[in-house]
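Peer 1: Position one of the sequence shown corresponds to residue 549 (the numbering used here), numbered consecutively onward.
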Amino acid sequence: MVTPRALGPDDAPALARIYSGASIQHTTGKPLTLGQAHEKIRSALARAAESPRAQWSWVILNEDDLIGLIALRRRTPSMGTISYILREDTWGNGYATQAARQVVSVAFTTAGLNRLEAMHHPDNPASGRVLAKAGFTRVGTADRHTDDGTVPYELYALESADT
C-alpha cells in the first residue's frame with residue numbers, strides 16, 4: 549500500500565534520485581540536480597500556501613521509501629490535471645495506480661473538481677495502463693512541443709460521478 553504525503557524540505561535527495569535514469573526518458577530527459585530538487589520543493593511549498601490553491605504535490609511512499617511524486621493542478625475552477633513519476637526500480641508494482649486513485653479522490657472531494665485530465669508520451673504505454681486502472685478513459689491526443697518537435701501525447705479524462 550502506498551501513501552501520499554506532502555512534499556517536504558528534506559525530500560530533495562530522494563527527488564533527485566527519482567528524476568534520473570529511465571524515469572525521465574519521457575519527460576525532459578534531463579536529470580534533476582540536488583539544487584533543482586530543492587528549488588522544486590520550495591516552489592511546491594509556496595504554491596501550497598496560495599489561496600485559492602491551484603496545485604498540490606505529494607511524495608509517494610511505499611512503507612518508508614520515497615519512490616515517486618504525484619501532483620494535482622487546478623487548470624480551471626472545475627478541471628484539473630494529474631501527473632506522476634516513479635523511481636524506475638519500483639515500476640510494475642501498481643504503486644502509481646494506487647497513488648493516482650488517492651489523488652482522484654482528493655480532486656473530486658477536497659479540491660472540488662469535477663473533471664480530471666492526464667496525458668502520457670506515446671512511447672510510454674504503461675502510464676496509459678495506470679490511468680485506465682485509475683478510472684480514466686482515453687479521449688484522444690494532445691500535441692506537445694518537445695526538443696524533438698511536436699509529439700502527439702495520449703490524452704485521458706475522468707469525470708466525477710457527481711457531474
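Ideal Cβ placement from N, Cα and C applies to all residues, glycine included.
On a predicted model such as this, the values are computed, not experimentally measured, just so you know.
Nearest-angstrom Cα distance between ALA713 and GLY583?
Peer 2: The chain is shown from 549 up to 711; residue 713 falls before or after that span and cannot be answered.
Peer 1: Could you name the residues of the same chain whose beta carbon sits closer than 6 Å to that of VAL687, not counting the 5 residues immediately before and after it, in chain order?
Peer 2: LEU703 and ALA705
Peer 1: Pull up the distance between the alpha-carbon of ASP691 and that of PRO700, whole angstroms please.
Peer 2: 4 Å
Peer 1: Does the beta-carbon distance from THR629 to GLU665 come in below 8 Å?
Peer 2: yes
Peer 1: Tell me the rounded alpha-carbon separation between PRO625 and TYR567.
Peer 2: 30 Å
Peer 1: State the Cα-Cα distance for the pair TRP604 and ALA619, rounded to the nearest angstrom.
Peer 2: 6 Å
Peer 1: Would you report the Cα separation of ILE615 and ALA554, rounded to the nearest angstrom?
Peer 2: Each residue's alpha carbon lies about 13 Å from the other.
Peer 1: Can you name the residues that DSSP bridges to PRO552?
Peer 2: ILE608
Peer 1: For ASP637, decide whether its Cβ has a neighbour in chain B, counting only Cβ atoms nearer than 8 Å.
Peer 2: Reference to chain B is not applicable here, since this structure consists of a single protein chain.
Peer 1: Alpha carbon to alpha carbon, how far is HIS574 from ASP671? Give it in angstroms, no decimals.
Peer 2: 8 Å
Peer 1: Apply the 10 Å Cβ neighbour rule to ASP559 and answer buried if 16 or more other Cβ atoms are within range, or exposed otherwise.
Peer 2: Around the beta-carbon of ASP559, 16 or more other beta-carbon atoms lie within 10 Å, marking it buried.
Peer 1: I'd like to know whether the C-beta atoms of THR645 and VAL678 end up nearer to each other than 8 Å.
Peer 2: yes
Peer 1: If you drop the 5 nearest sequence neighbours on each side, which residues of the same chain put their C-beta closer than 6 Å to that of ALA592?
Peer 2: LEU555 and SER605
Peer 1: Please go through the stretch 574–608 and give each complete alpha helix (DSSP H) segment of 4 or more residues, from N-terminal end onward.
Peer 2: If we require 4 residues or more, the alpha helix (DSSP H) runs fully inside the stretch 574–608 come out as 582–596.
Peer 1: Within 10 angstroms of its Cβ, does SER675 collect 16 or more other Cβ (buried), or is it exposed?
Peer 2: buried
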